[in-house]
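In our numbering, the protein residues as written are 8 to 344.
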């Protein structure tokens with residue numbers, strides 16, 4: 008009998024004590040009779056960028072400024088918060104926002120409020136609803152014949168509810184993705200004959216300069232992206248002792264979509280075509296069988312650094328292409344595309 012009573016008391020204590028602790032915690036910031044401050048209501052947010060091929064959080068090292076917009080359940084603008092590199096580079100940093108109970112839609116952009124931002128808003132975000140917010144590449148960065156490096160752009164979105172009765176800030180994580188790509192193109196002669204970058208014109212054409220609040224591309228018109236840097240490098244020494252000189256060009260391009268008609272074009276200065284390839288098809292060929300179940304769009308979004316090497320014949324047309332990313336290689340013959 009004593010043992011039974013002891014078990015009953017032990018069970019009762021186990022059920023009651025946590026409830027008492029919760030009540031005490033609640034009363035500690037809401038007991039009006041003791042004139043204590045009300046419990047804080049709102050969000051404590053962390054930001055993560057692990058939507059990459061390393062599947063590792065690179066937010067502190069890659070995102071150097073942050074803009075967060077808060078909208079209510081109907082998509083009406085509520086408030087804005089910003090952070091600089093001092094905050095974003097700290098892996099323990101959290102963004103705290105005071106908000107009353109209710110449902111909210113959060114939009115986060117990395118790289119928009121930096122001094123060298125490449126993208127801007129189509130209208131004043133404080134006067135724009137969630138569904139009407141648009142981001143576009145600044146026209147001054149679409150230049151010919153010399154392109155510009157695009158400051159990395161990151162995007163994140165989260166729908167969340169703040170409790171009507173609060174016991175403190177609600178913690179949540181906003182996951183980010185990158186919307187810019189870095190492409191490095193190498194031209195080499197298969198016979199080791201030197202190649203001069205100044206003899207070639209490099210470009211990528213695509214329709215991807217404008218985004219809506221869901222990070223979808225808004226169709227406008229095709230634009231031509233040109234290299235922001237190009238030059239020559241020594242790849243090795245030929246059997247006759249001469250240096251094998253290759254040409255390279257670096258381009259910076261916004262988000263690639265699997266449905267786009269993006270093309271990579273290389274020609275000689277006189278306009279003679281060297282190659283013209285369906286860029287998205289070529290890039291998707293790289294995807295390893297380890298990621299066979301990964302959709303092509305996810306692959307294009309996770310990867311953002313692309314190195315492509317093209318081998319030219321003695322006649323100056325391309326003989327094949329080697330796409331090299333993170334030590335993986337895919338080779339294609341001219342006749343395959």
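Just so you know, even glycine gets a beta-carbon here, dropped at the ideal spot from N, CA and C.
Looking at residue i: is its Cβ nearer than 7 angstroms to the Cβ of residue j?
i           : j           : result
residue 271 : residue 225 : no
residue 114 : residue 95  : no
residue 183 : residue 84  : no
residue 178 : residue 51  : yes
residue 191 : residue 314 : yes
residue 195 : residue 238 : no
residue 176 : residue 222 : no
residue 160 : residue 186 : yes
For residue i, I'd like the list of residues in its chain whose CB is within less than 8 angstroms of its CB, leaving aside the five on either flank, ordered along the chain.
i           : result
residue 206 : 254, 275, 276
residue 153 : 233, 234, 235
residue 89  : 72, 73, 74, 75, 120
Whole angstroms is fine: what's the gap from residue i's alpha carbon to residue j's?
i           : j           : result
residue 124 : residue 198 : 43 angstroms
residue 2   : residue 308 : Only positions 8 to 344 of the chain appear in this structure, which leaves residue 2 out of reach.
residue 217 : residue 145 : 10 angstroms
residue 342 : residue 301 : Note on residue 342: pLDDT 45, under 50, position unreliable in the model; no value is reported.
residue 312 : residue 142 : 22 angstroms
residue 118 : residue 318 : 36 angstroms
residue 128 : residue 116 : 11 angstroms
residue 174 : residue 81  : 25 angstroms
residue 7   : residue 121 : Residue 7 lies beyond the stretch modelled for the chain, which goes from 8 to 344, so this question has no answer here.
residue 87  : residue 48  : 17 angstroms
residue 147 : residue 92  : 25 angstroms
residue 320 : residue 98  : 50 angstroms
residue 250 : residue 202 : 11 angstroms
residue 102 : residue 164 : 15 angstroms
residue 257 : residue 135 : 36 angstroms
residue 139 : residue 61  : 33 angstroms
residue 292 : residue 209 : 21 angstroms
Ignore the nearest five residues each way along the sequence and tell me which others in residue i's own chain have a CB closer than 7 angstroms to its CB.
i           : result
residue 324 : 281
residue 240 : 253, 255
residue 269 : 211, 212, 213, 263, 286, 287
residue 156 : 235, 259
residue 5   : Look at the range of the chain in this structure, 8 to 344, and you will see that residue 5 is not part of it.
residue 267 : 213, 214, 215, 287
Can you list, in chain order, the residues of its chain with a C-beta nearer than 6 angstroms to that of residue i? Leave out the 5 residues immediately preceding and following it.
i           : result
residue 294 : 306
residue 193 : 253, 255, 316
residue 137 : 78, 82, 112, 220
residue 31  : Because the pLDDT at residue 31 is just 42, under 50, the model does not fix this residue reliably, and the value given afterwards should be weighed accordingly. Nothing listed; no residue qualifies.
residue 66  : 54, 55, 56
residue 347 : Residue 347 is absent from the model: the chain starts at 8 and stops at 344.
residue 149 : 230
residue 180 : 53, 55
residue 105 : 49
For residue i, which beta-bridge partners are listed by DSSP?
i           : result
residue 178 : 51
residue 102 : 52
Quiz item: Does the segment 280-291 come close enough to the segment 226-233 to have 3 or more Cβ pairs within less than 8 angstroms?
Solution: no
Self-check item: the segment 261-268 contacting the segment 234-248, beta-carbon criterion three pairs below 8 angstroms
Solution: Because the criterion of three Cβ pairs below 8 angstroms is not met, the segment 261-268 and the segment 234-248 do not touch.
Quiz item: Does the segment 106-113 come close enough to the segment 61-70 to have 3 or more Cβ pairs within less than 8 angstroms?
Solution: no
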